[in-house]
Amino acid sequence: MNQDLKQWVDACAAHTQPDRVVWLDGSQEEIDRVYAEGLEDGTFLRMNEETYPDCYYHRSDPNDVARVEHLTFICSEKEEDAGPTNHWKHPDKAREEVWPLFEGAMKGRTMYVIPYIMGPAGSAISKVGVEITDSRYVVANMRIMTRMGKVALEQLGDSTDYCKGLHSLGDLSPDRRFILHFPSRREIWSIGSGYGGNALLGKKCYALRIASVMARDQGWLAEHMLIVGIENPQGETRYVAAAFPSACGKTNLAMLVPPASMKGWRVWTVGDDIAWMKFGDDGRLYAINPENGFFGVAPGTSEKTNPNAFKTVRENSIFTNVGLTDDREPWWEGMGTSAPEKMTTWKGAPYDPNGAERAAHPNSRFTAPADQCPCISPEWENPQGVPIDAILFGGRRARTNPLVFQSFDWNHGVFVGAAVGSETTAAATGAVGVVRRDPMAMLPFCGYNMGDYWQHWVDMGTRSDKMPKIFHVNWFQQDDRGKYLWPGFGENLRVLQWVMNRCAGKAEAEETPIGYVPKADGIDTSGLDVDGATMSRLLEVDPGDWKKELDDQGEFFGRFGDKLPAEMKSQLEKARARFGL
Ligand code: OXD
Ligand code: MN
């Protein structure tokens, strides 16, 4: 028994006072028991055993359905180490305010101890974490999303090199809800929420916020990125990592189905949300997916938009806050089938097809094992990771950003990533079409000062001459009437083909003030309903739009004061100068 771990678990148990403490080993009998108890206490409903075997349904508290950025804190000693884009609490104040909320919080409940690995077992890039929780829903999700139980304790041995995560549902009140990160102690406290990103501590809390700090200290990258392998008709596979803000189609791109016109091309999923990247002996960056499953947004997922995800979730999956038909099947808006007559909504009320209430919450989710994905990469559990040729950044922009461009070099690419912005959509509250800056898609997930984070990216580039090429993509340009100009989905592979060719030194490009853009006929549009005029619009770099864009980026950078790396300042000045500004 690992003494450090035992002492910490004992201390948490003494304070939270559960009825019993259960150390999880990851076995089938154990999870069967957890589900049986969860069926009994109402945490879970069993779904249709014929059409959705071994699937479970869960409704969360209606006030607890999403990540809560305003209740998420970085508890570094100094406020400047959290930076202007994070909420901050001093560790002493955090303890004073939040530790009392854990007192007796598990009375009448079971405390589960979940040892888990982020990443393939035995990989030098993997890391161990332990989550303590009083939620059976968390246990069931962690069993899909991580490698958990005995395998993790074996990997840990006597080491103290693990992340401690304490989670309690508390009383689920938003007034007593906190998600706290202590980067120097590698510790997480989460109370008052049972929702995914707040409660499955291996995901956003450890694999991004805590791991980003470890990555800076140890010289690697922990990023909010999907990883895909792209195989060309000659059978050569290159790997791409891509960062997009939430709700920009990461899971869809990770599981892309090549269009019929691109015979012989294949796309292989390595991960859909998080990438950990380290240098290999050859100086290249190698990426692993630290997760073991997908925690994907259900609405909008259909046989047409993402057939691979659709197939992945047909067994051994958990559905959270979707509609539930009388046949005990899931249903959500954008599933591609009409709403069934008889259904209960995510709130448990009868569904009214003419009413205002949706069947599924817009942030309703599926949790599914990655190895059930039909296009899962044969390399997805390779302990060495996969070598990354290209990094893509992107956002949702109606104008300004062309379909694709390549940065001039690594540092310019870091600037392009730092300047990522995405427009808010009608699905979220607030003004539509407002650009929110979301550097590297890490705004809610970077565990330290974002200025220092950009410097870390710059420093990484000095350590190797084999860094991936950096690109920016935008699938979301619209015409003046709001119609999308690019068909998206599987057709995005045509853009990736240009990216792959650039990496191989095979495609030509136009040099513009923002970077290298494909020539007019650079993207293969054969068989597509996209004419030449639309294509030039898609590749256009409009100086008026870019003046506004660079002004806005400059304003954002200004928030970082003297934490803004000199390199980012100079990149912005150079970009302005290229436009004659
Ligand atoms: C997610 C997110 O849940 O990025 O993956 O919000
Ligand atoms: Mn995400």
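Under my numbering, the first residue of the sequence shown is numbered 39, with each subsequent residue one higher.
Heads up, the beta-carbon is just placed ideally off N, CA and C, and yes, glycines get one too.
Here the structure is a predicted model, which is why all the values come from computation and not from measurement.
Residue i in three-state terms, based on DSSP
i: residue 263; result: coil
i: residue 312; result: coil
i: residue 474; result: strand
i: residue 505; result: coil
i: residue 443; result: strand
i: residue 306; result: strand
i: residue 276; result: strand
i: residue 606; result: helix
i: residue 389; result: coil
i: residue 189; result: helix
i: residue 268; result: strand
i: residue 126; result: strand
i: residue 396; result: coil
i: residue 60; result: strand
i: residue 182; result: helix
i: residue 46; result: helix
i: residue 293; result: coil
i: residue 333; result: strand
i: residue 211; result: coil
i: residue 495; result: helix
Pair within 8 Å by beta-carbon distance, residue i and residue j
i: residue 206; j: residue 140; result: yes
i: residue 432; j: residue 571; result: no
i: residue 159; j: residue 69; result: no
i: residue 378; j: residue 337; result: no
i: residue 407; j: residue 309; result: no
i: residue 361; j: residue 347; result: no
i: residue 509; j: residue 436; result: no
i: residue 496; j: residue 605; result: yes
i: residue 480; j: residue 262; result: yes
i: residue 138; j: residue 194; result: no
i: residue 415; j: residue 307; result: yes
Beta-carbon contacts of residue i that lie in its chain and below 7 Å, excluding the five residues immediately before and after
i: residue 536; result: 442, 545, 556, 560 and 561
i: residue 575; result: 523
i: residue 564; result: 299
i: residue 75; result: 174
i: residue 402; result: 336, 337, 358, 359, 360, 370 and 384
Assigned exposure category for residue i - 16 Cβ within 10 Å defines buried
i: residue 394; result: exposed
i: residue 239; result: buried
i: residue 71; result: exposed
i: residue 478; result: buried
i: residue 191; result: buried
i: residue 167; result: buried
i: residue 493; result: buried
i: residue 419; result: buried
i: residue 619; result: exposed
i: residue 230; result: buried
Length of the line joining the Cα atoms of residue i and residue j
i: residue 409; j: residue 297; result: 23 Å
i: residue 259; j: residue 363; result: 43 Å
i: residue 501; j: residue 208; result: 46 Å
i: residue 215; j: residue 585; result: 42 Å
i: residue 355; j: residue 290; result: 18 Å
i: residue 249; j: residue 224; result: 9 Å
i: residue 504; j: residue 265; result: 18 Å
i: residue 149; j: residue 61; result: 8 Å
i: residue 132; j: residue 113; result: 7 Å
i: residue 172; j: residue 548; result: 57 Å
i: residue 413; j: residue 608; result: 42 Å
i: residue 498; j: residue 252; result: 14 Å
i: residue 513; j: residue 434; result: 7 Å
Cβ shell of residue i (< 6 Å), same chain only, five flanking positions each side left out
i: residue 204; result: 50, 170 and 227
i: residue 341; result: 348 and 374
i: residue 457; result: 591
i: residue 594; result: 475
Residue i at chain D interface by Cβ criterion, 8 Å
i: residue 580; result: Of the protein chains in the structure, only one exists, and it is not chain D.
Same chain only: Cβ atoms within 8 Å of residue i, ignoring 5 sequence neighbours per side
i: residue 108; result: 125
i: residue 568; result: 523, 524, 525 and 576
i: residue 324; result: 163, 315, 316, 317, 318, 422, 423, 424, 425 and 426
Closer than 7 Å: residue i CB and nearest ligand 4 heavy atom
i: residue 284; result: Here the bound small molecules are ligand 1 and ligand 2; ligand 4 is not part of this structure.
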